[in-house]
Amino acid sequence: MQNERKPWDVYFLDIAKMVATRSTCDRAHVGAVIVKDKRILATGYNGSLPGEPHCDDVGHLMVDNHCRRTIHAERNAIAQCYQMGLDPRGATIYVTHSPCPICRKLINEAGINRIVYDREYGDGTNEA
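Quick look at the structure:
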């Protein structure tokens, strides 16, 4: 009996879901995986800047109904690419939730040409 292999999009979305378990913001656990040529370049999850307090520990820093303490998963994954000297141009980003407008701009500026996500964030308006 042969095992059925997952399609690539499902495989990488499953990895993004696992990455999301590291999130430190309980409003939404979001994970992102940047993939190029079927190889993972970087991962990211939403949470506070290194050395800063986490929402899970001290609560949210809410401004206009958005948490300002949390850095989005997509931004963290893109930053990881650059910190490691990797070029995300032409890559696909897999995200557990649909990117907000600001993250969509970052994704576009990074040259990532495909976005695959599992579900709409919140009410579907995706405001940053």
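Last residue of the sequence shown: 130 (the numbering used here), numbering continuous.
C-beta: ideal position from N, C-alpha, C; glycine also.
When DSSP labels each residue in this structure, what does Lys38 get in the three-state scheme? The count along the sequence shown starts at 1 and reaches residue 38 at position 36. Three-state DSSP puts Lys38 in a strand.
In chain order, what residues of the same chain have a beta carbon less than 8 Å from the beta carbon of Glu54, not counting five sequence neighbours either side? Indexing the sequence shown from 1 puts residue 54 at position 52. Here the set comprises Arg71.
Distance, Ile80 Cα to Gly87 Cα: For the purposes of this step, residue 87 is identified with residue 85 of the sequence shown, where counting begins at 1. For the purposes of this step, residue 80 is identified with residue 78 of the sequence shown, where counting begins at 1. In a straight line, the C-alpha of Gly87 is about 11 Å away from that of Ile80.
Close beta carbons around Arg29, own chain, < 8 Å, minus the five adjacent residues each side: Within the sequence shown, residue 29 is the residue found at index 27, counting from 1. Correct list, in chain order: Cys57, His62, Cys69, Thr72.
Going by DSSP, what residue range makes up the alpha helix (DSSP H) through Ile117? Position 115 of the sequence shown holds residue 117. Per DSSP, Ile117 belongs to no alpha helix (DSSP H); it is in the beta strand (DSSP E), 116-121.
What are the partner residues of Val97, as DSSP defines its beta bridges? Here residue 97 corresponds to residue number 95 of the sequence shown, with the count starting at 1. Paired residues: Ala34, Tyr119.
If we count the other Cβ atoms within 10 Å of its Cβ and call it buried at 16 or more, is Tyr84 buried or exposed? Working through the sequence shown from its first residue, we reach residue 84 at position 82. Looking at its Cβ environment, which holds fewer than 16 other Cβ atoms inside 10 Å, Tyr84 is exposed.
Between Val118 and Leu43, which are expected to be in contact by the criterion C-beta below 8 Å, what is the C-beta distance as a whole number of angstroms? Counting from one through the sequence shown, the residue named residue 118 turns up at place 116. Counting from one through the sequence shown, the residue named residue 43 turns up at place 41. Wrong, their Cβ atoms sit about 15 Å apart, outside the cutoff.
What's the C-alpha gap between Gly134 and Val97? Only positions 3 to 130 of the chain appear in the structure, and residue 134 is not among them; the question remains open.
Given that a residue counts as buried once 16 or more other Cβ atoms are within 10 Å of its Cβ, and exposed if not, what is Glu122? The sequence position of residue 122 within the sequence shown is 120, counting from 1. By the 10 Å Cβ count, Glu122 comes out exposed.
Just to confirm my understanding: we take His74, look at its own chain, exclude 5 residues before and 5 after, and list those with CB closer than 6 Å. What are they? As a working mapping, residue 74 is identified with position 72 in the sequence shown. Asn48, Cys105, listed in sequence order.
Where does the unbroken alpha helix (DSSP H) through Met86 begin, and where does it stop? In the sequence shown, counting from the first residue as 1, residue 86 sits at position 84. Careful: Met86 lies outside any alpha helix (DSSP H) and carries neither H nor E.
Identify whether Ala44 lies in helix, strand or coil by the three-state DSSP scheme. Taking the first residue of the sequence shown as 1, we reach residue 44 at position 42. Three-state DSSP puts Ala44 in a strand.
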